[in-house]
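**Student:** Start counting at 1 in the sequence shown, then tack on 399, and there's your number in the working numbering. Idealized CB from N, CA, C, for every residue including glycine. These numbers were taken from a predicted model, which means no experiment stands behind them.
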Amino acid sequence: MILDGRTMLPSVSEIAEQVRGGHLRATEIIDRALGVIAAKDRAINAFTTVTAERARQRAKEIDAVVGSGGNPGILAGVPFAAKDLFDIEGIVTLAGSRVLASKSPATKDASAVQALEQAGAILVGALNMEEFAYGFLTDNAHYGRTRNPHNLERTAGGSSGGTGAAVAAGMVPLALGTDTNGSIRIPASFCGAVGMKPTFGRVSRAGMIPLAPSQDHVGWIGSCVSDVALAWRALSGEDPSIDDNRTPVVGLADGYFAERMSDDVRLALKIACDQFREHRMVKIPVPDTARAAAYAITSSEASALRLEDLRRHPELFDPSTRYRFLAGALLPAAWYIKAKQFQAWFRTQLEKLFDEVDLLLLPASPFVAPRFGEEVIELDGSSYPVRPTIGRFTQPISSVGFPIICLPIAGASPLPIGVQLVGRPNSEHLLLATALKLERALATSSR
């Protein structure tokens, strides 16, 4: 593996294999990662903190294990970063806000960070995000906007914008984020990377600052499906092969999920669908209501967690986030109760769909990454506000806690576009295996 002159890091699997085999030192790859971050992040602003000293020390420890004949783990030497709402020992966890800037540094790493490091990965820093993970743009009033590596005038998405941008720019091959209403899937789609959120509760959220506890998922973004699968193995403790000979039946949702999108997103969905031998149309019931319920739950839970901060220090909030928290605080309790009741009913309805199909194929976003400052977008001949429209296809299915993977579809647009594959609860193995097949089929068809 030749590192000199490369502007992007190798894949997770390549790094780990080379480090475990003694062909590449972890210290070399970490120096390379830190160099790429230094060269690129001034323009992109993905990182809020770079933990260079910690990373170099950890790399020396990995090299020592390899040198003594040991196996440092399936992610040996892999640089990764974490959204700045995961605790990192010795650092103040900001969650994209000035509200927490005066808090004490974390006394230990978040569970997800620990799990990746126990598998041999090396943390290199914390990543920029929307304040308290509440938004889709990562245009942060306190820590700056995170720019899309494919076009610096456009957003990287959010709320895990730094997560998507850091991977897409090649600064790290793997990064942790969270997904409540699409905060992994939107950055993955906008940045042309692979993002995954597992079944709700499958990965520990200990040491993570919540937005809406009944909907928050730990998620992650990588450059390819195999890399995302290795991270799942490290975070879950499962050891599956994702090569699977089954031919899944894929459900393509019509109605709501086939409307109000740009032509290139519609083309991306067709390209993805054409790769599956067995697919059929399905109808997801009342998606508008599902989206409204997800919003009501998020708003109510998020505002309850931040109400005391809003009372004491409203001036410390990003103005756009502050108004969303205030709106949530004014929602009647009856709305929250009704939304939770609907959530349970909707979960049952979606589970019934999986009696007909193995997976659902859905668009990830109605359009490609918008430009900063773009307020209105034309879709199917009508105008829509950009910010609230971004999550149109991720929010309706967020609150049920099913596993979802988002992967890019090349050939539909000069800018990245992703699609979602949704599985029934605890079907991560099939989800990853199918995503890998789709990724390979797309690579073959584009040659």
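Flag this pair as yes or no: are the beta carbons of residue 664 and residue 764 separated by less than 8 angstroms?
**Tutor:** Taking 8 angstroms as the Cβ cut-off, residue 664 and residue 764 qualify as a contacting pair.
**Student:** Comparing alpha-carbon positions, which option in 713, 560, 629 and 565 lies nearest residue 499?
**Tutor:** Residue 499 has its Cα closest to that of 713, out of 713, 560, 629 and 565.
**Student:** Residue 511 and residue 602: beta carbons closer than 8 angstroms?
**Tutor:** Cβ distance < 8 angstroms, so residue 511 and residue 602 count as in contact.
**Student:** For residue 546, list the residues DSSP reports as bridge partners.
**Tutor:** Paired residue(s): 554.
**Student:** At what residue ranges does the segment 658 to 733 contain a whole run of the alpha helix (DSSP H), taking only runs of 4 or more?
**Tutor:** Counting whole runs of 4 or more residues, the segment 658 to 733 contains the alpha helix (DSSP H) stretches 662 to 673, 686 to 711 and 718 to 728.
**Student:** Can you round the beta-carbon distance between residue 570 and residue 440 to whole angstroms, since I take them to be within the 8 angstroms contact cut?
**Tutor:** Confirmed, Cβ separation roughly 7 angstroms.
**Student:** In this structure, how does DSSP classify residue 429 when only helix, strand and coil are distinguished?
**Tutor:** If DSSP states are grouped into helix, strand and coil, residue 429 belongs with the helices.
**Student:** Who are residue 449's beta bridge partners in DSSP?
**Tutor:** Answer is 524, bridged to residue 449.
**Student:** Got a sec? Which residues, its chain only, sit under 8 angstroms from residue 502 by beta carbon, not counting five neighbours each side?
**Tutor:** 491 and 492, listed in sequence order.
**Student:** Between residue 829 and the rest of its own chain, which residues show a CB-CB distance below 8 angstroms, the 5 nearest in sequence each way excluded?
**Tutor:** So the qualifying residues of the chain are 643, 645, 647, 757, 758 and 822.
**Student:** Can you tell me the Cα-Cα spacing of residue 820 and residue 456, whole angstroms?
**Tutor:** Straight-line Cα distance between these residues: approximately 39 angstroms.
**Student:** When the Cα of residue 812 is compared with those of 666, 551 and 650, which residue comes out closest?
**Tutor:** When only C-alpha atoms are compared, the closest one is 666.
**Student:** What separation, rounded to the nearest whole angstrom, lies between the Cα atoms of residue 528 and residue 795?
**Tutor:** The alpha-carbon atoms of residue 528 and residue 795 are separated by roughly 22 angstroms.
**Student:** Candidates 614, 428 and 534: which alpha carbon is nearest residue 738's?
**Tutor:** Of the listed residues, the one whose Cα sits closest to residue 738 is 614.
**Student:** Classify residue 531 as helix, strand or coil using the three-state DSSP reduction.
**Tutor:** If DSSP states are grouped into helix, strand and coil, residue 531 belongs with the helices.
**Student:** Straight-line CA distance for residue 596 to residue 434?
**Tutor:** The alpha-carbon atoms of residue 596 and residue 434 are separated by roughly 30 angstroms.
**Student:** Mapping the DSSP letters down to three states, classify residue 401 as helix, strand or coil.
**Tutor:** Since pLDDT at residue 401 reaches only 36, below the 50 mark, its modelled position is unreliable, and the value read off the structure follows with that caveat. If DSSP states are grouped into helix, strand and coil, residue 401 belongs with coil.
**Student:** Let's see if you can read the secondary structure: which residues bound the beta strand (DSSP E) around residue 805?
**Tutor:** Residue 805 -> beta strand (DSSP E) spans 803 to 807.
**Student:** Express the C-alpha separation of residue 734 and residue 836 in angstroms, rounding to a whole number.
**Tutor:** If you take the alpha carbons of residue 836 and residue 734, they lie about 42 angstroms apart.
**Student:** What first and last residue would you give for the beta strand (DSSP E) that runs through residue 626?
**Tutor:** Where residue 626 is concerned, there is no enclosing beta strand (DSSP E), although the alpha helix (DSSP H) it sits in stretches over 624 to 635.
**Student:** In whole angstroms, what is the alpha-carbon distance linking residue 452 and residue 474?
**Tutor:** Looking at the two C-alpha atoms, the distance is approximately 20 angstroms.
**Student:** Near residue 699, which residues of its chain fall below 7 angstroms by C-beta distance, leaving aside the five closest residues on each side in sequence?
**Tutor:** The residues are 727, 730 and 735.
**Student:** Go ahead and pull the three-state DSSP assignment for residue 562.
**Tutor:** Correct three-state label for residue 562: helix.
**Student:** What do you get for residue 866, buried or exposed, if any count of 16 or more other CB atoms within 10 angstroms of its CB means buried?
**Tutor:** Because the chain here runs from 400 to 846, residue 866 falls outside it and cannot be looked at.
**Student:** Taking just the CA atoms, how far does residue 808 sit from residue 675?
**Tutor:** Answer to the nearest angstrom: the Cα atoms are 14 angstroms apart.
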